[in-house]
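Participant: Before I ask anything, let me first share the structure, which is written out below as structure tokens.
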Amino acid sequence: MLWWNGCWRGCNGSRWHISPIRHGFYIFRSCAQFRGGDSPYYNIDLKDIHVAGKQLPLNANTFDGKHGTVLDRGTTYAYLPETAFLAFKDAILKELQFLKQISGPDPNYNDICFSGAGIDASELSKSFPVVDMVFGNDDRYSLTPENYMFRHSKVRGAYCLGIFQNGKDPTTLLGGIVVRNTLVMYDREQEKIGFWKTNCGRDCA
1 MLWWNGCWRG CNGSRWHISP IRHGFYIFRS CAQFRGGDSP YYNIDLKDIH VAGKQLPLNA
61 NTFDGKHGTV LDRGTTYAYL PETAFLAFKD AILKELQFLK QISGPDPNYN DICFSGAGID
121 ASELSKSFPV VDMVFGNDDR YSLTPENYMF RHSKVRGAYC LGIFQNGKDP TTLLGGIVVR
181 NTLVMYDREQ EKIGFWKTNC GRDCA
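Numbering (full-length UniProt numbering), first residue to last: 1 to 205.
Printed below as a string of structure tokens:
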């Protein structure tokens, strides 16, 4: 059985625009079985993360801990195991040396934020690198800046990382931010999931 998740952002009505598939499916690591029973999660086989084309220096099983890698649209942001987050943060900081790092909007959180990228969100790819998630079948899902950054609520033209450390929990949790303006299709019978970028504001108008 195939079923569509539809656009993550910009859909306020019941009319859905389904575009042809442009990218291959990413295989579920565990769809029907998880810890001896039916899994309540969509577990996907994430193997690597690349920042600006460079692979993060991580162990092969980094994303396999506890519940593995879970795709959960009900969670706002994304959360990585400690080692993966630290490597990701270092790689992002290395790519953004020309931007000014600033404090986050809430002093109770250690958000990683930057100013100087401009106020036009559609131009963020000129300042922020592409992040690739590499799956077990070597397919890649590319995250544009809107899929891992969020607007700073107090500083105009500033943005903050929307990928965080998942405390000491080794689970990887991919929330709604990573599928902004992305159409997602789940194939439960074949245990596959497909992603492709679209303009949800346009397609769901």
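For every residue, glycine included, the Cβ atom is placed at its ideal position computed from N, Cα and C.
#1: What residue range is occupied by the uninterrupted alpha helix (DSSP H) comprising K89?
#2: Among D64, L93 and G136, whose alpha-carbon lies nearest the alpha-carbon of S115?
#3: Would R134 and S142 qualify as a contact pair, given that the criterion is a beta-carbon distance under 7 Å?
#4: Report yes if the CB atom of G118 is closer than 7 Å to the CB atom of G157, and no otherwise.
#5: Go through its chain and collect everything with a Cβ distance to S153's Cβ below 8 Å, but skip five positions before and after it.
#6: When the Cα atoms are used, what is the spatial distance from F164 to N199?
#7: By how many angstroms is the C-alpha of Y77 removed from the C-alpha of S30?
#8: Is there contact between the region 83-98 and the region 182-191, where contact requires at least three CB pairs shorter than 8 Å?
#9: Ignoring anything shorter than 3 residues, give me the beta strand (DSSP E) runs that lie fully in the region 136-169, in order along the chain.
#10: Which of helix, strand or coil does DSSP assign to I112?
#11: What does DSSP give as the partner residues of L173 in its beta bridges?
#12: Inspect the beta-carbon positions of F98 and T172 and report whether they are closer than 7 Å.
#13: Count the other CB atoms, across all protein chains shown, that sit within 10 Å of the CB of G53; report buried if there are 16 or more and exposed otherwise.
#14: Between the Cα of S127 and those of K89, Q55, K192 and P145, spot the shortest distance and give me the residue it belongs to.
#15: Could you name the residues of the same chain whose beta carbon sits closer than 6 Å to that of D48, not counting the 5 residues immediately before and after it, in chain order?
#16: Do you know offhand how far N166's Cα is from Q101's?
#17: With respect to 6 Å, is the separation between the Cβ of F98 and the closest non-hydrogen atom of the ligand GTP below this value?
#18: Who are Y42's beta bridge partners in DSSP?
Facilitator: Once the coordinates are examined:
#1: E82 to E95
#2: L93
#3: Here the sequence assigns Val to residue 134, which means Arg is not the residue at that position. No.
#4: yes
#5: P105
#6: 26 Å
#7: Confidence in S30 is poor, its pLDDT being 29 and thus under 50, which makes the residue's placement unreliable; the coordinate value appears in the next sentence. When rounded, the distance between both Cα atoms is 22 Å.
#8: no
#9: 140-143, 149-151, 158-161 and 163-165
#10: coil
#11: V70 and Y79
#12: no
#13: exposed
#14: P145
#15: Q55 and V134
#16: 22 Å
#17: As presented, the structure is devoid of all ligands, the ligand GTP included, so that no description of it is given.
#18: L71
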